Amino acid sequence: MDRYAVVGNPIAHSKSPQIHAAFAAQTGQALSYEALLAPLDGFAATVAEFRAAGGRGLNVTVPFKLEAHALADRLTPRARAAGAVNTLAFGADGVLGDNTDGAGLVRDLSHHHGCNIAGLRVLLLGAGGAARGALLPLLQAGPAKLTIANRSADKAVALAREFAAAGGSPLDGCGFPSLAGRRYDLVINATAASLSAEVPPLPPGLYSDGALAYDMVYAKEETPFMRAARLDGAARVADGLGMLVEQAAESFALWRGVQPDTGPVLGALRRALA
Ligand code: ATR
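Each residue of the sequence shown is one higher than the one before, starting from 122 at the first, in this note's numbering.
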């Protein structure tokens, strides 16, 4: 049976084995998928061992996405742009590194939230790894404009400069205060603020009529960002559980050439969270 796994540290909490087992059952693919704990100084050795034992591919999570990027022999354009790899595929011609996080976000928005980015005014909050990972797929989805805003404005400005040539959409970077008076149809929180129950200090009045506020993290209850967005007038709010399922589906499709049906898997995960 073909072997796959997710590798990280810590890893016990990962929902990837459950998600991929559901995809495999649904599509009739004979494969196994396990969770691998790699020592913090032993990522490359863990990958080599898994590959030598017949492993076909790996998902990579915190804190190894940069090391996976360095380890790959070849990178997809979206992995190169992200500067990080969450999916490795082992073939006769070496190790392919991909990054399915941004595509997972874009697919979650369109498939599960009726939100097609083409023509929208989009605000991306944050300029760290999570924001960078989403940028190329977001730009390729054709927003009317995309603004990157970050607590440290210089990082947002630098990221916008770096990606200016990547898509046809106007792209700019700024600090949070510069958002005053601007309105957006989609606001995506890619900061780490939710992880410490904080909310980026945004000026009021950001949301256009019908706007969606999307937090890349997920939780049993609405995140502080989602609650703050509602108070500021966002018509709809969403967390990142669908992104988790969709990035997994993109990895599954890369490995197996089959696109799973994510709806039932997302529904089961949501019910299990409640
Ligand atoms: P990740 O890989 O999750 O993106 P990261 O690369 O460390 O993690 O980036 C963290 C991001 O969250 C940064 O954009 C950071 O802003 P700064 O660049 O100004 O540090 C942002 N961030 C973290 N805590 C925040 C908070 N309480 N409010 C607003 N932004 C925050």
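Note that CB positions come from ideal geometry on N, CA and C, so glycine has one too. If you're wondering where the values come from, they're calculated on a predicted model, not measured in any experiment.
Item: Identity of the residue in Leu-280, Gly-288 and Phe-284 nearest Cys-295 by Cα; Value: Leu-280
Item: Cα-Cα separation between Arg-201 and Ala-255, rounded to whole angstroms; Value: 12 Å
Item: Length of the line joining the Cα atoms of Leu-226 and Met-122; Value: 30 Å
Item: Ala-146 beta carbon near the ligand ATR (any heavy atom closer than 7 Å); Value: no
Item: Which of helix, strand or coil DSSP assigns to Arg-228; Value: helix
Item: Alpha carbon of Asn-220 to alpha carbon of Arg-228, nearest angstrom; Value: 14 Å
Item: Bridge partners - Leu-152, DSSP secondary structure assignment; Value: Asp-123
Item: Length of the line joining the Cα atoms of Arg-282 and Ala-350; Value: 28 Å
Item: Gly-235, DSSP secondary structure in three states; Value: coil
Item: Start and end residues, beta strand (DSSP E) containing Asp-330; Value: 328-336
Item: Where the alpha helix (DSSP H) containing Gly-254 begins and where it ends; Value: 250-261
Item: Spatial distance of Leu-196 from Val-206 (CA atoms); Value: 8 Å
Item: Span separating the alpha-carbon of Pro-298 from that of Val-386; Value: 40 Å
Item: Secondary structure of Lys-186, DSSP reduced to three states; Value: helix
Item: Check: Pro-321 C-beta below 7 Å from any heavy atom of the ligand ATR; Value: yes
Item: Beta-bridge partners of Asp-293, as assigned by DSSP; Value: Thr-268
Item: Other residues of its chain near Leu-394: CB distance less than 6 Å, five sequence neighbours each side excluded; Value: Lys-341
Item: Residues sharing a beta bridge with Phe-211, DSSP; Value: Val-216
Item: C-beta contact flag for Val-358 and Glu-371 at 8 Å; Value: no
Item: Ala-358, DSSP secondary structure in three states; Value: With the sequence shown as reference, residue 358 is identified as Val, and Ala is not the correct amino acid for it. Strand.
Item: Extent of the continuous beta strand (DSSP E) to which Val-308 belongs; Value: 305-310
Item: Same chain only: Cβ atoms within 7 Å of Gly-288, ignoring 5 sequence neighbours per side; Value: Leu-260 and Gln-261
Item: Nearest-angstrom Cα separation, counted from Asp-360 out to Phe-346; Value: 9 Å
Item: Burial state of Gly-247 (16 or more Cβ within 10 Å); Value: buried
Item: Closest by C-alpha distance to Pro-258, when choosing among His-141, Ser-135, Ala-146 and Gln-368; Value: Gln-368
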